Amino acid sequence: MRSHCLAFAGAIVLIVTLLREPLGWPVVAFFSAAGVVCLLLVPTPVRWVGSAFLGIAWALSSAQFLTADRLTLPPGQERADYCLEGRVVGIPVSRDRSLRFDFAPEHPCGSDYQDAGERPDSLPDRVRLRWYGPRPELGAGERWRLNARLRPPAGFLNPHGFDYRRWLWSQRIGATGYVRQPEQAERLGPPEGGDALRQAIAERMAAALGSSPQLGLVQGLGVAVRDEIADGQWEALSATGTAHLLAISGLHIGLVAGAAGLAAAFLWRRIPPLVARFPARIAGAATGAGAATLYAVLAGFTLPTQRALVMVLVFTGALILRQTLHPFSSLLVAAAAVLIVDPWAPLGAGFWLSFGAVAVILSATVGRGRLRGPLAWLRIQFQVGIGLMPATALWFGHLPWLSPLANLIAVPWVSVGVVPLVLAGVGLAGLFPGLADLLWRLADVSLAGLMALLALLTDGLGAIRVPAPDGPLLLLSALGALLLVAPPGVPGRLVALPLLALPLLGPATEAPRERVVVFDTGSGVTALLTDGEKAVVYGGGPGGGLDAVEVAVAPYVEHHGLQLKAWIAAAPEGRFSGALDAGEQRWPQARFLGPGETRSWQGSVGDWHLRARCTGQQCRAEVSGTRLPIDLAPELPYSPGRVGIGGDGCASDTGCSAAVRIPGTEVLRSDEHGAITLFEKDSRLDWETELQRRGRIYHQPP
Numbered sequence: 034m035r036s037h038c039l040a041f042a043g044a045i046v047l048i049v050t051l052l053r054e055p056l057g058w059p060v061v062a063f064f065s066a067a068g069v070v071c072l073l074l075v076p077t078p079v080r081w082v083g084s085a086f087l088g089i090a091w092a093l094s095s096a097q098f099l100t101a102d103r104l105t106l107p108p109g110q111e112r113a114d115y116c117l118e119g120r121v122v123g124i125p126v127s128r129d130r131s132l133r134f135d136f137a138p139e140h141p142c143g144s145d146y147q148d149a150g151e152r153p154d155s156l157p158d159r160v161r162l163r164w165y166g167p168r169p170e171l172g173a174g175e176r177w178r179l180n181a182r183l184r185p186p187a188g189f190l191n192p193h194g195f196d197y198r199r200w201l202w203s204q205r206i207g208a209t210g211y212v213r214q215p216e217q218a219e220r221l222g223p224p225e226g227g228d229a230l231r232q233a234i235a236e237r238m239a240a241a242l243g244s245s246p247q248l249g250l251v252q253g254l255g256v257a258v259r260d261e262i263a264d265g266q267w268e269a270l271s272a273t274g275t276a277h278l279l280a281i282s283g284l285h286i287g288l289v290a291g292a293a294g295l296a297a298a299f300l301w302r303r304i305p306p307l308v309a310r311f312p313a314r315i316a317g318a319a320t321g322a323g324a325a326t327l328y329a330v331l332a333g334f335t336l337p338t339q340r341a342l343v344m345v346l347v348f349t350g351a352l353i354l355r356q357t358l359h360p361f362s363s364l365l366v367a368a369a370a371v372l373i374v375d376p377w378a379p380l381g382a383g384f385w386l387s388f389g390a391v392a393v394i395l396s397a398t399v400g401r402g403r404l405r406g407p408l409a410w411l412r413i414q415f416q417v418g419i420g421l422m423p424a425t426a427l428w429f430g431h432l433p434w435l436s437p438l439a440n441l442i443a444v445p446w447v448s449v450g451v452v453p454l455v456l457a458g459v460g461l462a463g464l465f466p467g468l469a470d471l472l473w474r475l476a477d478v479s480l481a482g483l484m485a486l487l488a489l490l491t492d493g494l495g496a497i498r499v500p501a502p503d504g505p506l507l508l509l510s511a512l513g514a515l516l517l518v519a520p521p522g523v524p525g526r527l528v529a530l531p532l533l534a535l536p537l538l539g540p541a542t543e544a545p546r547e548r549v550v551v552f553d554t555g556s557g558v559t560a561l562l563t564d565g566e567k568a569v570v571y572g573g574g575p576g577g578g579l580d581a582v583e584v585a586v587a588p589y590v591e592h593h594g595l596q597l598k599a600w601i602a603a604a605p606e607g608r609f610s611g612a613l614d615a616g617e618q619r620w621p622q623a624r625f626l627g628p629g630e631t632r633s634w635q636g637s638v639g640d641w642h643l644r645a646r647c648t649g650q651q652c653r654a655e656v657s658g659t660r661l662p663i664d665l666a667p668e669l670p671y672s673p674g675r676v677g678i679g680g681d682g683c684a685s686d687t688g689c690s691a692a693v694r695i696p697g698t699e700v701l702r703s704d705e706h707g708a709i710t711l712f713e714k715d716s717r718l719d720w721e722t723e724l725q726r727r728g729r730i731y732h733q734p735p
């Protein structure tokens, strides 16, 4: 069983990680048939190949369905209005003077609705919308009819930056947009389903706790609503490696299943006729599985709850069937089951951290006898922190070296003094609301003490920030982690620590010599010139509620360890000036200059020379010493024999992108190709786009 589950899961992970475009239904049919043939006809020792083929077929079929369900706009229209009828999915969140919510369209509106807009033949399964203006009483699970301006999924594609397109794909969001004519929107039905219940409980918690700083933590533990958790709290949890405790996870699913199972078994044994029909342990296991399922629904069925619930169900099934199942077998079955439900789960950090933590715990406990006492517990927490170190460095850019100590304190604190109070309050909210409020207030007090302690650890010691490791460096570091948590006697343990320490040495590769990176920010030109050590930025602007610092410049500079020498603003106001304040705060040592007075500035980046000229209206720059001179301007310049870099379409409301005009080449736009990198190769000026370098199926234009 283990080999089949491992082959099936590994094949899915490989496909969803590397797939660049859908391969078509004939390819899906081929791998499906090959998998069935292998499972039926090949010798037993290699039948796992059939499971791998079936995993490939499952991932490819999912890609086919998702690409078919993505929104198709009318030809020639980048954005269009649609009248939709559907249901609010999840819990709406108030952000930036707007309401953000997910909407599941059921069908286009009928012709009786005013300004019905376009009527597409097919609709995506889910769209993400914003409602601007006065906040409506929009509830989870309600049916609405509304007008929305939609566009295909879009996001910034920059080196080392957050991949928003990948996140949209993993969440099955087929379009984004905002509500048009909100005064015409109409509620069609009352709230229904688990999301409505979650929102009702979250609102009850808010009424009980008021403006308590721990409100978001209580809501997160109870019903997986984490929008009220402050940035400082997330920082403390992340730096101490305890974030998994303050969001519904396997620990809490296990507590619910264990408590319900023990209580049911205790009562079952007191009723002889029931014991005569079914053993108490089977009744307890079934009750625990049912309670865990209900709690997983309340938690929004997130990935950690899926994994924990599947493991509980696997254990329950083995117990009922009186089968002995190895712990690692149950983990692999859970991984395969999660990937059947969601083949694209490996695109998120939660998949790797969730299964990785359980795998490390099993490695530290299985076959080593019964572990007792705080030293054994500390050893397990230390090994979990060590084992997850490469994944943490990759996804979050820091090493929570305080994790063993913090978890030694926080795990029993949360398990005994917080989770039972929160869950008891959730269970009693409908029958005894006053008692539920009291329990939540007690949990609030307990969490206040824990967060104060974690904040003290964070302020005093903190976490070690490291650049995200690349390729071979990540693999070697992961090998070191595996060797360190492996059972005694495994060869190679002496090199475990040196391999594990590789992320502390810096990035795997430095930026090559002279190059220009034209970033994708959604708001005009932001270009960075670097020689692998120093950097100069030209332009800058806000992007999608963020700014060029957060979505582009900072991730690149920090990953390559560059020293920012200067930042030249392109224009005095508007789209191009949104990032300057953030840049000056982050890099106070850099020289910042922009329009306002006539002046010049020049400097060198390796063998390239940069000269900027500013007037009262704008700054332009010229790069010489290259195979082709480069002109940078707020609007895309046209200079024969030169490379032009600037904004394209920024004078209109249809879109504002960075663009590069290379002689003899079509104009490259960042909103189509992602970030564009120019560099010298073989005595000529060459270029590559981020879409070429790491584009996957979720990056392709719809």
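Residues 34 to 735 (the working numbering) make up the sequence shown, in order. All C-beta atoms, glycine included, are put in the ideal place defined by N, C-alpha and C. Model, not experiment: these values are computed from the prediction.
Problem - Same chain, Cβ closer than 8 angstroms to ALA397, neighbours up to 5 away in sequence not counted - result: The count along the sequence shown starts at 1 and reaches residue 397 at position 364. Counting only Cβ-Cβ distances below 8 angstroms, and skipping sequence neighbours, we find ARG412, ILE413, GLN416, VAL417 and VAL518.
Handout entry: Reduced DSSP category for GLY680 - H, G, I as helix; E, B as strand; rest coil
Key = Mapped onto the sequence shown, residue 680 falls at position 647. DSSP places GLY680 within a strand segment (E or B) once states are collapsed to three.
Practice task
Say whether chain C places a C-beta atom closer than 8 angstroms to the C-beta of GLY674.
Solution key: The structure shown contains no chain C; it holds only a single protein chain.
Handout entry: Among SER271, PRO628 and GLU655, the one whose alpha carbon lies nearest that of GLY649
Key = Working through the sequence shown from its first residue, we reach residue 649 at position 616. Cα-wise, what sits closest to GLY649 is PRO628.
Handout entry: Cα-Cα separation, LEU421 to ARG213
Key = Here residue 421 corresponds to residue number 388 of the sequence shown, with the count starting at 1. Here residue 213 corresponds to residue number 180 of the sequence shown, with the count starting at 1. For LEU421 and ARG213, the distance between alpha carbons rounds to 45 angstroms.
Practice task
Return yes when the Cβ of SER510 is within less than 8 angstroms of the Cβ of LEU527, no when it is not.
Solution key: In the sequence shown, the residue the question calls residue 527 occupies position 494. In the sequence shown, the residue the question calls residue 510 occupies position 477. Not in contact: LEU527 and SER510 (Cβ atoms no closer than 8 angstroms).
Exercise for the section: Mark VAL638 as exposed unless 16 or more other C-beta atoms lie within 10 angstroms of its C-beta, in which case mark it buried. Expected result: Counted from its first residue, the sequence shown places residue 638 at position 605. Flag for VAL638 reads buried.
Practice task
Rank LEU386, ALA612, GLY350 and THR710 by C-alpha distance to the C-alpha of TRP428 and give the top, closest one.
Solution key: For the purposes of this step, residue 428 is taken as residue 395 along the sequence shown, with counting starting at 1. Minimum Cα distance to TRP428 is reached at LEU386.
Exercise for the section: Mind checking who LEU626 pairs with in its DSSP beta bridge? Expected result: If you number the sequence shown from 1, residue 626 lands on position 593. Answer by DSSP bridge pairing, in chain order: ILE601.
Practice task
Just mark VAL459 as buried or exposed, buried being the case when its beta carbon has 16 or more other beta carbons within 10 Å.
Solution key: As a working mapping, residue 459 is identified with position 426 in the sequence shown. So VAL459 counts as buried.
Problem - Residue interval of the beta strand (DSSP E) (run including GLU721) - result: Here residue 721 refers to the residue found at position 688 when the sequence shown is read from its first residue. It spans 717 to 722 - the beta strand (DSSP E) in which GLU721 sits, taken as one unbroken run.
Exercise for the section: Report the rounded CA-to-CA distance for LEU626 versus LYS598, giving the unit in angstroms. Expected result: As a position in the sequence shown, residue 626 is number 593, starting the count at 1. As a position in the sequence shown, residue 598 is number 565, starting the count at 1. Near 12 angstroms, if we compare the C-alpha coordinates of LYS598 and LEU626.
Practice task
Give me the Cα-Cα distance between LEU51 and SER479, rounded to the nearest whole angstrom.
Solution key: Start at 1 with the first residue of the sequence shown, and residue 51 comes out as number 18. Start at 1 with the first residue of the sequence shown, and residue 479 comes out as number 446. Rounded to the nearest angstrom, the two C-alpha atoms are 45 angstroms apart.
Exercise for the section: Would you be able to state if there are at least three C-beta pairs under 8 angstroms between the segment 459 to 473 and the segment 297 to 312? Expected result: As far as the Cβ criterion goes, the segment 297 to 312 does not touch the segment 459 to 473, which means the pair count is below three.
Practice task
Within the same chain, show all residues whose beta-carbon is closer than 6 angstroms to that of ALA85, passing over the 5 residues directly before and after it, in chain order.
Solution key: Stepping through the sequence shown from its first residue, residue 85 is reached at position 52. If we look at ALA85 and ignore the five residues flanking it on each side, its Cβ neighbours are ALA40 and ALA44.
Handout entry: Cβ-based neighbour list, PRO670, same chain, cut-off 6 angstroms, excluding 5 preceding and 5 following
Key = Position 637 of the sequence shown, counting from 1, holds the residue named residue 670. Here the set comprises ASP664, GLY677 and GLY679.
Practice task
Can you grab the Cα-Cα spacing for the pair ALA390 / ALA382, in whole Å?
Solution key: As a position in the sequence shown, residue 390 is number 357, starting the count at 1. As a position in the sequence shown, residue 382 is number 349, starting the count at 1. Cα-Cα distance, rounded: 12 angstroms.
Practice task
Count the other C-beta atoms from every protein chain shown that fall within 10 angstroms of the C-beta of ASP715, then say buried if there are 16 or more, exposed otherwise.
Solution key: Here residue 715 is taken as the residue at index 682 of the sequence shown, counted from 1. By the neighbour-count rule (16 or more Cβ atoms within 10 Å), ASP715 is not buried but exposed.
Practice task
Could you tell me whether the segment 290 to 299 touches the segment 247 to 264, using the rule of 3 or more Cβ pairs below 8 angstroms?
Solution key: no
Exercise for the section: Using only alpha-carbon positions, find the residue among ASN191, TRP177 and CYS116 that is nearest to LEU156. Expected result: The sequence position of residue 156 within the sequence shown is 123, counting from 1. Checked all of ASN191, TRP177 and CYS116; the closest Cα to LEU156 is CYS116.
Exercise for the section: Measure the alpha-carbon distance for ALA541 versus GLY513 and round it to whole angstroms. Expected result: Numbered from its first residue, the sequence shown carries residue 541 at position 508. Numbered from its first residue, the sequence shown carries residue 513 at position 480. At ALA541, the pLDDT of 47 sits below 50, so the modelled position is not reliable; the number obtained from the coordinates is stated separately. Answer to the nearest angstrom: the Cα atoms are 16 angstroms apart.
Handout entry: Inter-residue Cα distance where the pair is LEU8 and THR631
Key = This structure leaves residue 8 out entirely; the chain is present only between 34 and 735.
Problem - First and last residue of the uninterrupted beta strand (DSSP E) at CYS38 - result: Along the sequence shown, one-based indexing puts residue 38 at 5. Not the beta strand (DSSP E): CYS38 falls in the alpha helix (DSSP H), residues 35 to 51.
Problem - Span of the beta strand (DSSP E) around CYS71 - result: Residue mapping note: residue 71 aligns to position 38 of the sequence shown, counting from 1. That residue, CYS71, is in no beta strand (DSSP E); its alpha helix (DSSP H) goes 58 to 74.
Problem - Three-state secondary structure (DSSP) of THR559 - result: Mapped onto the sequence shown, residue 559 falls at position 526. In the structure shown, THR559 adopts extended strand secondary structure according to DSSP, grouped into three states.
Exercise for the section: Please name the residue, chosen from ILE234, VAL366 and GLU547, that lies closest to VAL455 on a Cα-to-Cα basis. Expected result: Within the sequence shown, the letter at position 422 stands for residue 455. That would be ILE234, whose Cα lies nearest to the Cα of VAL455.
Problem - Coarse secondary structure for ALA218, derived from DSSP in three states - result: As a first step, residue 218 must be located in the sequence shown, where it is residue number 185. The DSSP-derived three-state label of ALA218 is coil.
Problem - C-alpha gap between ARG800 and PHE311, whole angstroms - result: The chain is shown from 34 up to 735; residue 800 falls before or after that span and cannot be answered.
Problem - Backbone secondary structure at ASN180 - three-state DSSP - result: In the sequence shown, counting from the first residue as 1, residue 180 sits at position 147. Strand.
Handout entry: Buried versus exposed call for LEU242 [16 or more other C-beta atoms within 10 Å across all chains shown]
Key = Residue 242 sits at position 209 when you count from the first residue of the sequence shown. Classification for LEU242: buried.
Handout entry: Beta-carbon spacing of VAL126, ASP260 below 8 angstroms
Key = Translated into positions along the sequence shown, residue 126 becomes position 93. Translated into positions along the sequence shown, residue 260 becomes position 227. Result yes, Cβ atoms of VAL126 and ASP260 sit closer than 8 angstroms.
Handout entry: Which of helix, strand or coil DSSP assigns to PRO575
Key = The residue you call residue 575 lines up with position 542 of the sequence shown. Correct three-state label for PRO575: strand.
Problem - Check: THR659 C-beta below 7 angstroms from any heavy atom of the ligand GDP - result: Because no ligand of any kind appears in the structure shown, any question about the ligand GDP cannot be addressed here.
Exercise for the section: Consult DSSP for HIS642 and reduce its assignment to one of helix, strand or coil. Expected result: As a position in the sequence shown, residue 642 is number 609, starting the count at 1. In the structure shown, HIS642 sits in a strand (DSSP, three-state: E or B).
Exercise for the section: Could you spell out where the alpha helix (DSSP H) holding GLY172 opens and where it closes? Expected result: Residue numbering aside, residue 172 sits at position 139 when the sequence shown is read from its first letter. No alpha helix (DSSP H) contains GLY172, which DSSP labels as neither H nor E.
Practice task
With DSSP as the reference, please indicate the residues paired to GLN596 in a beta bridge.
Solution key: Here residue 596 corresponds to residue number 563 of the sequence shown, with the count starting at 1. According to DSSP, which records beta bridges pairwise, GLN596 is partnered with LYS567.
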